[in-house]
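Protein chains in written order, with this note's numbering: chain A, 118 to 231; chain B, 15 to 264.
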């Protein structure tokens, strides 16, 4: 089954979105967003994988050894950094919501304010 | 929207997504294929630029402009968190009291702090040679410093972490990346072009601009994470919630 790693990525994404849809706590929802986002790591690394390939670092292996795709690894690094910063920013928004309304339950946040 | 309606909408959307995603997956190149046209070109370019770590070469040389954008996202997020979590007018700042710490925790923390900071510095400095780089090493540096909080207490952390200095370093790191980009323009090339001498392959001073950009990113990430964590710690440790309106405030 050569598509199984890609299907696993789709499954992780759906699990994360399901968690966000049914979430009763904004901190939990932010965690679910991180899960949904981590599916992209699995997908990218799955695409870049090369059977028998090693890490694309030539400090201790001869140049020309088969290696996995470094481009997608760099993309995953970008992905991780952006994911972490977005999580931090969302969590600070949750803290502010808790301060202003006294709740972190998205169902209770129905009033329009402003 | 009631919970039931929302659940139904999600199930429908998930079913559509699952079908089309699975169909798309069958059209992708096979898992583990030996044919990676972009990867092969990126590896060839990394070797040409004398950068042993191909991932660092992609990040800090071949697509350095993207990394500049990524670093700006990090900078913007730190700035946003600082603005969002600043002390409101009606919040009091309480001085955190020292708490007793187990001697074994103190010993382990005090022993591990310098080791973690040293390893973080090593990972940043060898980003062009071995796995790691500015982003990974920067996070290690920042978390290593917070061992002072785990092992001792908040006041010790505040002493080893002058926040104003790290906030300034964050901006310096972000600015240094852009300034290094102008080196290419001054030398008559393109923005962020690798114009420095490339050095010997697999030596510390190799890869031209890569180690410098890498170091700038390391400084920015380390101080950015420190400033970010400090905002959350402030909320938990220092800021007292106003007591009179526990049930919500307008």
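Note that CB positions come from ideal geometry on N, CA and C, so glycine has one too.
request  = For the alpha helix (DSSP H) holding residue 198 of chain B, just list the boundary residues, first then last.
outcome  = Against the second chain, residue 198 of chain B aligns to sequence position 184. Residues 177-200.
inquiry  = Let me make sure I understand the geometry here. Which of A:170, A:139, A:198 has the alpha-carbon closest to that of residue 154 of chain A?
reply    = Locating residue 154 of chain A in the first chain gives position 37, where the first residue counts as 1. Closest option to residue 154 of chain A, Cα to Cα, is A:198.
message = Counting C-beta neighbours from all protein chains within 10 Å, is the total for residue 225 of chain B 16 or more, i.e. buried, or is it exposed?
response = Here the question's residue 225 of chain B lines up with position 211 in the second chain. Label assigned to residue 225 of chain B: buried.
message = If we define contact as Cβ-Cβ less than 8 Å, is residue 53 of chain B a contact residue for chain A?
response = Within the second chain, residue 53 of chain B is the residue found at index 39, counting from 1. Answer yes: the Cβ-Cβ gap between residue 53 of chain B and chain A drops below 8 Å somewhere.
query = Does any heavy atom of the ligand SAH sit closer than 7 Å to the C-beta of residue 66 of chain B?
reply = Of the ligands one can find in the structure shown there are none, so the ligand SAH has no counterpart to examine.
task = Please confirm if the segment 177-193 of chain A is in contact with the segment 133-148 of chain A, defined as three or more CB-CB distances below 8 Å between the two stretches.
result = no
query = What is the DSSP secondary structure of residue 139 of chain A, reduced to helix, strand or coil?
reply = Residue 139 of chain A sits at position 22 when you count from the first residue of the first chain. If DSSP states are grouped into helix, strand and coil, residue 139 of chain A belongs with the helices.
inquiry  = To the nearest angstrom, how far is the alpha carbon of residue 208 of chain A from that of residue 200 of chain B?
reply    = Looking up residue 208 of chain A in the first chain gives position 91. Looking up residue 200 of chain B in the second chain gives position 186. Whole-angstrom Cα-Cα distance: 42 Å.
task = Flag residue 164 of chain A as yes if its beta-carbon sits less than 8 Å from any beta-carbon of chain B, otherwise no.
result = Locating residue 164 of chain A in the first chain gives position 47, where the first residue counts as 1. True, the Cβ-Cβ gap to chain B drops below 8 Å.
key: Cross-chain neighbours of residue 202 of chain A in chain B, by beta carbon under 7 Å   = Your numbering for residue 202 of chain A matches position 85 in the first chain. Going along chain B in sequence order, the residues near residue 202 of chain A (Cβ under 7 Å) are 87, 88, 91.
ask   = Among B:163, B:91, B:209, B:43, which one has its Cα closest to the Cα of residue 174 of chain B?
value = One-based indexing of the second chain puts residue 174 of chain B at position 160. Of the candidates B:163, B:91, B:209, B:43, the one whose C-alpha sits nearest the C-alpha of residue 174 of chain B is B:163.
key: Same chain only: Cβ atoms within 7 Å of residue 146 of chain A, ignoring 5 sequence neighbours per side   = Numbered from its first residue, the first chain carries residue 146 of chain A at position 29. 137, 140, 223, listed in sequence order.
request  = Can you tell me which of A:221, A:228, A:227, A:167 puts its alpha carbon nearest to the alpha carbon of residue 144 of chain A?
outcome  = Your numbering for residue 144 of chain A matches position 27 in the first chain. The option with the nearest alpha carbon to residue 144 of chain A is A:221.
query = So, residue 63 of chain B versus residue 212 of chain B, is the Cβ gap smaller than 8 Å?
reply = Position 49 of the second chain holds residue 63 of chain B. Position 198 of the second chain holds residue 212 of chain B. Contact flag set, yes.
inquiry  = For a contact defined as C-beta to C-beta under 8 Å, what are the partners of residue 84 of chain B on chain A?
reply    = Along the second chain, read from residue 1 onward, the residue named residue 84 of chain B stands at position 70. Simply 195, 198, 199.
key: Presumed contact (8 Å Cβ cut-off) between residue 120 of chain A and residue 67 of chain B, rounded CB distance   = Mapped onto the first chain, residue 120 of chain A falls at position 3. Mapped onto the second chain, residue 67 of chain B falls at position 53. Not really, about 31 Å apart at Cβ, beyond 8 Å.
Cβ-Cβ distance between residue 72 of chain B and residue 191 of chain A below 8 Å = Here residue 72 of chain B corresponds to residue number 58 of the second chain, with the count starting at 1. Here residue 191 of chain A corresponds to residue number 74 of the first chain, with the count starting at 1. Yes, they are a contact pair.
key: Reference residue 42 of chain B; option with closest CA among A:142, A:218, A:202, A:164   = Counting from one through the second chain, the residue named residue 42 of chain B turns up at place 28. Considering only alpha carbons, the answer is A:164.
message = Output needed in chain order: residues of the segment 157-175 of chain B with a Cβ under 8 Å from some Cβ in chain A.
response = none
query = At a Cβ threshold of 8 Å, is residue 120 of chain A touching chain B?
reply = If you number the first chain from 1, residue 120 of chain A lands on position 3. By this cut-off, residue 120 of chain A is an interface position.
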